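Shown next, in C-alpha cells, is the structure this report addresses.
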Amino acid sequence: MLHITEKEFKELSEYMKCYYGIYLKPEKKSLVMGRLQNVLSQGHFDSFSSYFEYIYSDQSGEAVKTLINKLTTNHTFFMREADHFIYFKDKVLPYLSSVEASKKDLRIWSAGCSSGEEPYTLVMIMADYFGDRKGLWDTKILATDISTKVLEKAIQGVYSKENISVLPKHWQFNYFNRLNDREYIISDTIKKEVIFRRFNLNSATFPFKNKFHVIFCRNVMIYFDSETKRKLINKFYEMTEPGGYLFIGHSESISRGEVGYKYIMPAVYRKE
Ligand SMILES: C[S@@+](CC[C@H](N)C(=O)[O-])C[C@H]1O[C@@H](n2cnc3c(N)ncnc32)[C@H](O)[C@@H]1O
Numbered sequence: 001m002l003h004i005t006e007k008e009f010k011e012l013s014e015y016m017k018c019y020y021g022i023y024l025k026p027e028k029k030s031l032v033m034g035r036l037q038n039v040l041s042q043g044h045f046d047s048f049s050s051y052f053e054y055i056y057s058d059q060s061g062e063a064v065k066t067l068i069n070k071l072t073t074n075h076t077f078f079m080r081e082a083d084h085f086i087y088f089k090d091k092v093l094p095y096l097s098s099v100e101a102s103k104k105d106l107r108i109w110s111a112g113c114s115s116g117e118e119p120y121t122l123v124m125i126m127a128d129y130f131g132d133r134k135g136l137w138d139t140k141i142l143a144t145d146i147s148t149k150v151l152e153k154a155i156q157g158v159y160s161k162e163n164i165s166v167l168p169k170h171w172q173f174n175y176f177n178r179l180n181d182r183e184y185i186i187s188d189t190i191k192k193e194v195i196f197r198r199f200n201l202n203s204a205t206f207p208f209k210n211k212f213h214v215i216f217c218r219n220v221m222i223y224f225d226s227e228t229k230r231k232l233i234n235k236f237y238e239m240t241e242p243g244g245y246l247f248i249g250h251s252e253s254i255s256r257g258e259v260g261y262k263y264i265m266p267a268v269y270r271k272e
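In the numbering used here, the protein residues as written are 1 to 272.
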C-alpha cells in the first residue's frame, strides 16, 4: 500500500477545498489513502505526489473526475429525512400551486442529488399531488452533483428491491418496472421529469437563468468548510424566489442572521 505523507495529504486537502469546497479532516487521512489505492496502482504511480502531478497536467479532465468520484461521500436513500417530503407535499406544493397558478411553472433544484433518490421522490410526490392536472404544469427538477459516478447511476435509475421497499406500495407499483429478482428501474414518466447535470457548488457563479421556488441541498454542506458553506448559502438565497424554500440536512444549520432566510422548522428555511 502506498502511503500518503503529511505534506501530500495537506496538498490534497488544499486542492479539494480550493476547487470543491470539500474539507478533508486530518482524521480522514487513512480513509483517503484507502480510497485512492486502486487508482494509484492502476496508473502505476509510485507516490501520491506523482499522482497529483498527473491530475494537474491532465487536460481531459478525466483524472480529476476520478479523484472526485473516489473522494466524495454519496450515501443516500429513499425517504431520507421523510418529514421534509411531508412538508413539501402538505405545505410547499399547495402554496406554489396557488402562487404559480397562472404560469404553472415550478422550478425545483436538488443540489448534491447523489444517485437520484431525492429528486425522483420529489417527482413522485408531484405526480400524486397534481394527478390529472400534471400535464398542464412544468415541474421538471434540476438535479446536480459533482460526482459523475453517482450521476450515471441516477440517470440509469436502477435500484434494488430493498432500496425501494420503503416507498408507498402504489409508487413501487406505478413508478418502477421490475428488471429482475433484485432490481427495479424507475419508469420513464418519472425519469423524464429530472434533468441531471454535473455542477460544482463551489463555482464562483451560478449559471441559472431563473430563480428556484425550492432548493434541496441536504447532507452536502457537512463536507464543506465554513467559508464555503457561508458563501453557498448566500448564493442559494440569491437564487431563491421570494416565498421560496431551502431544505438542508437535519445535521446542518444556518446561523441566525447569517442570511435573510427565515427559519421555518428543523432544516427548512424560507425567503420572505
Ligand atoms: C451525502 S450525499 C447527499 C445526497 C442527498 N442530498 C441526501 O441528502 O441523501 C452528498 C452529495 O454531495 C455531493 N457534493 C459534494 N461536494 C460537492 C460540490 N462541491 N458540488 C456539488 N456536489 C457536491 C457529493 O458528490 C454527494 O453525492
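Think of the CB as a built atom: it goes at the ideal place given N, C-alpha and C, for glycine as much as any other residue.
In this text the structure is predicted, and so the values were computed from the model without any measurement.
Which complete alpha helix (DSSP H) runs does the region 170–244 hold, if anything under 4 residues is left out? 188–191, 226–238
Integer-rounded CB distance, given that I254 should sit under 8 Å from Y245: Contact flag wrong, Cβ pair sits at about 13 Å.
Rounded straight-line distance, which links the Cα of L12 to that of L297: The first residue shown for the chain is 1 and the last is 272, placing residue 297 beyond what the model contains.
Taking the C-alpha atoms as reference points, what is the distance between S187 and R178? 10 Å
Inter-residue spacing [alpha-carbon to alpha-carbon] between S30 and E272: 45 Å
Can you find at least 3 beta carbon pairs, one from the region 164–177 and one from the region 129–139, that sit closer than 8 Å? no
CB contact flag (M221, K229, <8 Å): yes
Quick one: what does DSSP say F247 is sitting in, helix, strand or coil? strand
Determine the contact status of A267 and G249, defining contact as a CB-CB distance below 8 Å. yes
Decide if F212 is buried, meaning its Cβ has at least 16 other Cβ atoms within 10 Å, or exposed. buried
Where the alpha helix (DSSP H) through T144 begins and ends: No alpha helix (DSSP H) holds T144; the beta strand (DSSP E) holding it covers 141–145.
Using CA atoms only, rank isn't needed, just tell me which of F236, F208, K209 is closest to C217. F236
Assess, as a yes-or-no matter, whether the region 60–77 is touched by the region 33–45 under the definition of 3 or more beta carbon pairs within less than 8 Å. yes
V158 - containing beta strand (DSSP E), residue span: 158–160
Give me, in chain order, the residues of the same chain whose beta-carbon lies closer than 7 Å to that of L151; leave out the 5 immediate sequence neighbours on both sides. D145, F196, R198
Closest residue to G21 among M239, S226, I264 (Cα-Cα distance): S226
On a CA-only basis, which of I155, I125, T5 is nearest S49? Give me that one, please. T5
Excluding sequence positions up to five away, which residues of its chain have a Cβ less than 6 Å from the Cβ of T139? L106, M126
Is S165 buried or exposed, if buried means 16 or more other CB atoms sit within 10 Å of its CB? exposed
Using only alpha-carbon positions, find the residue among F9, I185, K91 that is nearest to E27. F9
Alpha carbon of A82 to alpha carbon of F88, nearest angstrom: 10 Å
Closest to V158 by CA distance: which of I185, D128, S115 is it? I185
According to DSSP, residues forming a beta bridge with A111: T144
What's the C-alpha gap between S160 and T76? 13 Å
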